[in-house]
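Residue numbers (the UniProt record's numbering), protein chains in the order written: chain A, 1 to 415; chain B, 1 to 303.
Worksheet for the structure shown next.
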Amino acid sequence: MKNFQFFPPRLSAVISNSLVILSPVKVSAAFILTGIFPILSFAQTPTLSNLTVSAVLDGYYQSEDRLMTERVKGFGLGETELAFSASIDDMFFGKLTTVFESHDGESEVNVEEAFIQTMALPNGFTLRAGRFLSDIGYLNNQHLHTDAFTSRPSAYRAFLGGHYFDDGLRVSYIAPTDLYWTMGAEAFAGDSLRAEDETGEREFDSTGVYTAFTKIGGDIGIESSWQIGASYLRNENGQLSPEDHDEEGGEDTHAHSASYTGKNTLVADFVYKWAPNGNYKYQHLTLSAEYFRVSDFMLPELHDAHAEEEHENEESNTKDYHQAWYVSGVYQFSPHWSAGLRYGKLDSQLQHDAHFDQQTLKETELSIAWHNSHFSTVRVEFSHQSNVGFESVENDNVITLQYVMAMGAHNAHQF
Amino acid sequence: MRINFKYLLSSTLLIISQSAFAQMNIFTCEPEYAALAKELAPDARIYSATTAMQDPHQVQARPSLIAKMRQADLVICAGADLEVGWLPMLQMKAANARVRSTDKGLFFAADHVKTLDQMNNVDRSMGDVHSAGNPHVHFSPQHVLDIAKALTSKLIQLDVNQRDSYQQRFTNFSERWQLAMAQWQIKASRLQGMKVIAYHSSFRYLFDFVIIEQVADLEPKPGLPPTSSHLASLLKQAKKDDISAIIVASYQDRRGADWLAEKSNLPVVVLPLSVGGNEQSTDLFSLYDSVLDLLSQAYILQK
Chain A
1 MKNFQFFPPR LSAVISNSLV ILSPVKVSAA FILTGIFPIL SFAQTPTLSN
51 LTVSAVLDGY YQSEDRLMTE RVKGFGLGET ELAFSASIDD MFFGKLTTVF
101 ESHDGESEVN VEEAFIQTMA LPNGFTLRAG RFLSDIGYLN NQHLHTDAFT
151 SRPSAYRAFL GGHYFDDGLR VSYIAPTDLY WTMGAEAFAG DSLRAEDETG
201 EREFDSTGVY TAFTKIGGDI GIESSWQIGA SYLRNENGQL SPEDHDEEGG
251 EDTHAHSASY TGKNTLVADF VYKWAPNGNY KYQHLTLSAE YFRVSDFMLP
301 ELHDAHAEEE HENEESNTKD YHQAWYVSGV YQFSPHWSAG LRYGKLDSQL
351 QHDAHFDQQT LKETELSIAW HNSHFSTVRV EFSHQSNVGF ESVENDNVIT
401 LQYVMAMGAH NAHQF
Chain B
1 MRINFKYLLS STLLIISQSA FAQMNIFTCE PEYAALAKEL APDARIYSAT
51 TAMQDPHQVQ ARPSLIAKMR QADLVICAGA DLEVGWLPML QMKAANARVR
101 STDKGLFFAA DHVKTLDQMN NVDRSMGDVH SAGNPHVHFS PQHVLDIAKA
151 LTSKLIQLDV NQRDSYQQRF TNFSERWQLA MAQWQIKASR LQGMKVIAYH
201 SSFRYLFDFV IIEQVADLEP KPGLPPTSSH LASLLKQAKK DDISAIIVAS
251 YQDRRGADWL AEKSNLPVVV LPLSVGGNEQ STDLFSLYDS VLDLLSQAYI
301 LQK
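Okay, structure coming up:
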């Protein structure tokens, strides 16, 4: 909540009230949406500016709390979003995505995307500015409602706050080759990836995050496609300061910001898709995997203390990096049904005074989804999480029911 | 000797670079437009994003397509929102300003003909329908001719140096096409009044040209796969009406059609949606020949 609140709470209440005049008290995100719906008629009769309007409704019921997720136990709204996009002129494209979420009866209105992008730079260059999803990793630039699972893998939840979007600038380049090859660099404010600051006295760099990424991809015959990527994220504000006593991981069940931070993050990702005859209509398979490694999470003076203790206590198995990975397979076996299986593991180090304890979280998820059409999905997910070291949550089975439905403009079939 | 070698090398490089420069890169969304481009610009490097075995609605903006579009001088698609799920994403990722607007290197076939079944009021409860009309326009022979003409103008606009060559190609194509049209008309006249059950409105223009009546659709609603209750209702209809065949396109799932065929004793005819949809269909001419032959066979057998 603390990082991505677009409107200050008071202002957002005013805006909500102006949309739904009849409910002056607390307005749920769902009501705000109904107030905006008349605008959706644009989707069918494009105006001169060809404004594209789309809304995605996402609601869920979750039987238990899960570590580091935005979704809490019980009923709630997931990423219910309203998006507008259009070419601004021959040079610029713009997009605004507003997200409505509810947690424990509280509604939030956040801006997830508000960016402009160049459309006419020569030689494969593109500039994007504003607030947007970072292009590191495989999943991060995809919207949550396109996922085959109800929540992001623990790697994303631990290191990126679910999915990393921020205010900044990106330059990207795509090579004029038959083999797909793109590369880019980004600079962000990085508020949501800052290390915990309990005293509130720490000085942070206002431009805290820099990334570099590259992706290569292609086809194998007509039926298979692949992509591999490598990304690096440098976080100037990611290191713990000595006065910190606890990281927030495991304690907070509703967090937008990263639970574990460090100076350097490396990401490797791989995705492979297959469809019979290359025809995605009836059946297709997606295999993907990502690996994250976050290092240099201690300031040098802290590191020394740590090393000393390490020396005294030979049995300690703590490492000086966090890591997490997942593998996922999703098979759409008919136009109406798909099933996904995902396994992920997170190893993180939790600070206690001057020493660190290793924590491990393993998650296995099975999701089954029913798609009435291209635009509607109802999903049930069984998730088993087993952990060592996390304090607040026991080893648990979680059942989640979810719907994701799109209205208005056609959603894009991103790879 | 040294001078000769240098001269040889530099002249080879010059030829390679010149031919690479002169060769136009054409990206087409569907194979029918790759075939048309080949008629009008046979020297171009032509790439089709889909095959006749793939549903052109449901394509992923995969890396290879982005890479191909990055290099394209001309992008040819059906339009009328057929590619709305993936073309904008490709354009965004390919960062190629040359093919972003129809003023420049982007060409939508449906922009140059009058589409059938345009609707003023469309909502999603009707299924995945296109308000801009049916986009599968390549089975209207007259439309193909009109599109070829418009595409010739586009090619000339992009590559004015070869104006005469494109014009010549078009004249040549147009003559052969009109000759073929006359023959197709004869074949079509023998099929008039044929009634079929078909899958989706993939062959809307073909049925319009031949005057075949599609009495029912295997899809309960456009874009939705056949359901058992819908198939059961089709079976009743199949027994009542004087239906000759169940038609599916080369990329469509046969299961619903096979079930219906078994219960109703109707033949299933798999028609190539486009060039490459069966062995016979190697270009636009043979595609039409093959489709009309397959329909004739089914119609004669039924009689």
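Glycine included, C-beta positions come from ideal geometry on N, C-alpha and C.
Note that the coordinates shown come from a computational prediction; the quantities given were computed from them, not determined experimentally.
- Residue state for A:E223 is assigned as coil, using DSSP reduced to three classes.
- Closest by C-alpha distance to B:E32, out of B:V160, B:M24 and B:A52, is B:A52.
- The shortest C-alpha to C-alpha distance from A:A406 to any of A:H143, A:G218, A:T118 and A:A86 is the one to A:H143.
- Put simply, the CB of B:V270 is far from chain A, with every gap to its CB atoms at 8 Å or more.
- Neighbourhood of A:P335 in chain B, by CB distance below 7 Å: P225, in chain order.
- Put simply, the CB of A:I136 is far from chain B, with every gap to its CB atoms at 8 Å or more.
- Closer than 8 Å to the CB of B:T51 there is at least one CB belonging to chain A.
- Within 10 angstroms of the beta-carbon of A:Q62 lie 16 or more other beta-carbons, which makes it buried.
- At a cut-off of 8 Å between C-beta atoms, B:S64 counts as an interface residue with respect to chain A.
- For A:H284, the uninterrupted beta strand (DSSP E) run begins and ends at H284 to S295, by DSSP.
- Taking the Cα positions, B:Q302 is about 10 Å away from B:M194.
- Taking all protein chains shown into account, A:F292 has 16 or more neighbouring C-beta atoms within 10 Å of its C-beta and is therefore buried.
- In terms of CA proximity to A:A412, B:V59 leads the group B:A34, B:E175 and B:V59.
- Minimum Cα-Cα distance from B:Q71 among the listed residues B:Q91, B:W86 and B:D43 corresponds to B:Q91.
- Using a Cβ-Cβ distance cut-off of 8 Å, the stretch 119-127 of chain A and the stretch 30-50 of chain B are not in contact, since fewer than three pairs of beta carbons, one from each stretch, lie closer than that value.
- Collapsing the DSSP output to three states places A:G340 in a strand.
- Contact annotation for B:G85 against chain A: H374, H410, N411, A412 and H413 [CB-CB distance below 9 Å, chain order].
- Shortest Cα-Cα distance from A:A129 to any of A:Q349, A:F188, A:T146 and A:Y156 involves A:F188.
- The bridge partners DSSP lists for A:W370 are A:W337 and A:V378.
- DSSP places A:T182 inside the beta strand (DSSP E), whose first and last residues are Y180 to F188.
- Contact between B:L218 and B:A257 holds: their C-beta atoms lie close to 6 Å from each other, under 8 Å.
- Inter-segment contact for the stretch 185-204 of chain A and the stretch 158-166 of chain A is present: three or more beta-carbon pairs are separated by less than 8 Å.
- Considering only A:S85, A:I116, A:F92 and A:F75, the residue with the shortest C-alpha distance to A:E101 is A:F75.
- The secondary-structure analysis by DSSP pairs A:Y156 with nothing; it has no beta-bridge partner.
- Counted as a single uninterrupted DSSP element, the alpha helix (DSSP H) harbouring B:Q167 occupies residues R163 to L191.
- For a Cβ distance threshold of 7 Å, residue set N277, G278 and N279 of chain A lies close to B:Q54, ordered along the chain.
- Within the stretch 119-152 of chain A, the residues whose Cβ lies closer than 9 Å to any Cβ of chain B are, in chain order, M119, A120, L121, P122, N123, G124, F125 and T126.
- Around the beta-carbon of B:D81, 16 or more other beta-carbon atoms lie within 10 Å, marking it buried.
- Taking 8 Å as the CB threshold, A:L57 stays off the interface with chain B.
- Across the stretch 333-367 of chain A, CB contacts with chain B closer than 9 Å involve S334, P335 and H336, in sequence order along the chain.
- Counted as a single uninterrupted DSSP element, the beta strand (DSSP E) harbouring A:Q402 occupies residues D396 to G408.
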